[in-house]
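With the working numbering as the guide, the letters of the sequence shown map in order to residues 16 to 412.
Don't be surprised by glycine CBs; every beta carbon is placed ideally from N, CA and C.
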Amino acid sequence: MIQFIFTIILTALIFQGSAAAQSDLTESFNRWLVEFRAEALSLGISRRTVDRALTGLTPNPRIIKLDRKQPEFTQTVWGYLDKRVTKRRIERAQKLLQQHRDLLEKVQLRYGVQPRFLVAFWGLETNFGDYTGKLSVVRSLATLAFDPRRKGYFRKELIAVLRIIDQGDMTADVQGSWAGAMGQSQFMPSTFQRYAVDLDGDGRRNLWTSLADVFGSSANFLSSVGWRKDRTWGREVILPKGFSVELSGLHTRKPLSEWQNMGVRKAGGGNLPTVDIEASLLLPAGYLGPAFLVYTNYRKIMIWNRSINYALAVGYLSDRIAGYGKIKAKRSPDLAPLSRNQVLEIQRALNARGFSVGPPDGVIGPISRSAIKSFQKSANLPADGFASHALLKALRR
Numbered sequence: 016m017i018q019f020i021f022t023i024i025l026t027a028l029i030f031q032g033s034a035a036a037q038s039d040l041t042e043s044f045n046r047w048l049v050e051f052r053a054e055a056l057s058l059g060i061s062r063r064t065v066d067r068a069l070t071g072l073t074p075n076p077r078i079i080k081l082d083r084k085q086p087e088f089t090q091t092v093w094g095y096l097d098k099r100v101t102k103r104r105i106e107r108a109q110k111l112l113q114q115h116r117d118l119l120e121k122v123q124l125r126y127g128v129q130p131r132f133l134v135a136f137w138g139l140e141t142n143f144g145d146y147t148g149k150l151s152v153v154r155s156l157a158t159l160a161f162d163p164r165r166k167g168y169f170r171k172e173l174i175a176v177l178r179i180i181d182q183g184d185m186t187a188d189v190q191g192s193w194a195g196a197m198g199q200s201q202f203m204p205s206t207f208q209r210y211a212v213d214l215d216g217d218g219r220r221n222l223w224t225s226l227a228d229v230f231g232s233s234a235n236f237l238s239s240v241g242w243r244k245d246r247t248w249g250r251e252v253i254l255p256k257g258f259s260v261e262l263s264g265l266h267t268r269k270p271l272s273e274w275q276n277m278g279v280r281k282a283g284g285g286n287l288p289t290v291d292i293e294a295s296l297l298l299p300a301g302y303l304g305p306a307f308l309v310y311t312n313y314r315k316i317m318i319w320n321r322s323i324n325y326a327l328a329v330g331y332l333s334d335r336i337a338g339y340g341k342i343k344a345k346r347s348p349d350l351a352p353l354s355r356n357q358v359l360e361i362q363r364a365l366n367a368r369g370f371s372v373g374p375p376d377g378v379i380g381p382i383s384r385s386a387i388k389s390f391q392k393s394a395n396l397p398a399d400g401f402a403s404h405a406l407l408k409a410l411r412r
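Right, dumping it as structure tokens:
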């Protein structure tokens with residue numbers, strides 16, 4: 016009932032802009048804020064910090080609108096990489112790596128994360144610090160903590176940012192993304208609390224203007240989640256004719272020697288490395304697209320960001336920074352993005368056929384990919400788990 020009332024008020028505010036709706040939302044938010052202030056004080060956050068951060072705070076309807084926003088079309092892996100791993104970004108990354116090599120090597124020595132990966136994260140998160148966000152982190156998090164949709168998660172993040180302010184690492188007017196991500200590495204407050212470091216020794220963890228703290232914090236995060244300093248992220252490969260693409264997906268791990276025995280080769284045709292590494296096969300554009308064997312470090316990148324395409328972009332950009340070439344696979348001419356409505360249709364059709372994806376949400380995640388693969392097997396189609404126009408056509412039959 017609370018969420019229903021909140022949605023009515025918010026919808027009226029955003030789409031009608033009425034003064035009455037604004038008044039109702041503000042009154043409801045103020046009641047919530049009184050309760051939250053009491054909780055923050057009870058958790059040991061100083062009254063000074065609570066007053067500075069929360070006094071006069073109002074909800075930002077734009078934040079809720081951004082949180083509800085759904086892209087009209089999905090993004091293909093090619094579209095994703097083309098937008099993020101550009102010639103300009105590669106060249107700039109290479110120059111910045113040389114410029115900051117001494118610092119990056121110092122960070123590598125301490126945390127075991129290679130410089131090219133740290134620069135790749137930096138470039139993808141904030142375009143090397145060019146844009147860290149211009150919205151009030153406290154106001155954004157308070158708005159999202161007030162909104163019933165994900166209130167538990169954002170309430171914890173709001174408490175975390177108040178603790179960081181209380182500790183003196185940032186001020187109450189800190190700015191960031193609409194979801195509360197902060198600094199050149201775009202850490203959420205809870206991530207900042209746990210992994211940010213004061214590498215330059217000035218007494219403050221500064222992810223805005225101290226590259227030592229930025230690189231050190233990013234490396235500390237990766238090291239803490241199990242980054243392998245002696246490994247790369249993965250590599251592009253080619254598959255033999257008749258290969259069982261059902262073996263693709265992060266759930267399947269096999270030693271490189273086993274992939275080699277099945278006919279998988281480097282993208283240039285050479286044998287896979289003779290090292291004791293387990294890898295998973297990824298087909299981000301289906302069986303007609305590029306193929307990658309990904310290693311442990313790829314999975315660590317996905318702890319930073321759970322997107323398969325994001326993790327590929329980090330790995331690919333890091334390779335280009337190091338001087339490796341472009342992806343060799345040819346692009347399928349008929350690979351067009353699906354609209355959100357088409358993804359919803361796929362999910363509903365899978366559910367109707369008994370291949371459960373749960374409530375349709377317009378997003379292809381692990382559960383949807385598994386259901387797609389099961390349907391493909393039942394229909395004697397290549398079971399790559401990829402949502403495509405061909406899949407939609409098959410489901411419509």
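Between Lys269, Gln199, Val92, which lies nearest to threonine 224 when the distance is taken from Cα to Cα?
Gln199
Mapping DSSP to helix, strand and coil, what is isoleucine 253?
strand
Where does the unbroken alpha helix (DSSP H) through leucine 119 begin, and where does it stop?
116–126
Residue of Thr147, Asp162, Ser151, Arg164 minimising C-alpha distance to valine 176:
Ser151
From the DSSP output, read off the bridge partner residues of valine 309.
Gly249, Ser295
Nearest-angstrom Cα distance between lysine 171 and glycine 195?
12 angstroms
Please name the residue or residues paired with serine 151 in a DSSP beta bridge.
Gln190
Close beta carbons around isoleucine 318, own chain, < 8 angstroms, minus the five adjacent residues each side:
Val240
Close-in-space but distant-in-sequence residues of the same chain around glycine 138 (CB under 6 angstroms, 5 per side omitted):
Arg104, Ala108
Cβ atoms of leucine 406 and isoleucine 387: under 8 angstroms apart, would you say?
yes
Determine whether the beta carbon atoms of glutamine 190 and lysine 149 lie at a separation below 8 angstroms.
yes
With a CB to CB cut of under 6 angstroms and the five nearest residues on each side skipped, what residues in its chain are close to alanine 344?
Pro305
Within the segment 217–241, ranges of the alpha helix (DSSP H) (whole runs, at least 4 residues):
226–239
Reference aspartate 162, options Leu81, Val100, Gly216, closest by Cα:
Leu81
Give a yes or no on whether the C-beta atoms belonging to aspartate 213 and leucine 222 are separated by under 8 angstroms.
no
If contact is defined by three or more beta carbon pairs under 8 angstroms, each pair taking one atom from either stretch, is the segment 358–366 in contact with the segment 126–144?
no
Can you give the beta carbon distance from leucine 296 to leucine 308, rounded, assuming they're within the 8 angstroms contact cut?
6 angstroms
Under the three-state DSSP convention, the category proline 86 falls into:
coil
Who pairs with serine 354 in a beta bridge, going by DSSP?
Phe88
Contact defined as beta carbons within less than 8 angstroms: I believe arginine 321 pairs with alanine 294. What is the distance between those atoms, to the nearest angstrom?
About 19 angstroms; that fails the 8 angstroms criterion.
If isoleucine 253 sits next to arginine 280, beta carbons under 8 angstroms apart, how far is it from one beta carbon to the other, in whole angstroms?
5 angstroms
Taking the C-alpha atoms as reference points, what is the distance between leucine 38 and phenylalanine 169?
Note that residue 38 corresponds to serine in the displayed sequence, not to leucine. Using only the alpha carbons, I get a separation of about 23 angstroms.
Within this structure, are the beta carbons of arginine 246 and asparagine 324 separated by less than 8 angstroms?
no
Nearest to glutamine 85 (by Cα), restricted to the options Ala211, Val358, Leu396:
Val358
Could you tell me which residues DSSP puts in a beta bridge with methionine 197?
Phe202
Candidates Ala55, Trp93, Ser155: which alpha carbon is nearest proline 76's?
Ser155
Quick one: is glutamine 201 buried, meaning 16 or more other Cβ sit within 10 Å of its Cβ, or exposed?
buried
Can you list, in chain order, the residues of its chain with a C-beta nearer than 8 angstroms to that of isoleucine 24? Leave out the 5 residues immediately preceding and following it.
Any reading at isoleucine 24 must be qualified, since the residue scores a pLDDT of 49, below 50, and its modelled position is unreliable; no value is offered.
From the DSSP output, in three-state form, read off lysine 269 for me.
strand
Once DSSP output is grouped into helix, strand and coil, what is the label at phenylalanine 19?
Interpretation of phenylalanine 19 is limited by its pLDDT of 48, a score under 50 that renders its predicted location unreliable; the figure taken from the coordinates is listed afterwards. Note: phenylalanine 19 maps to helix in three-state DSSP.
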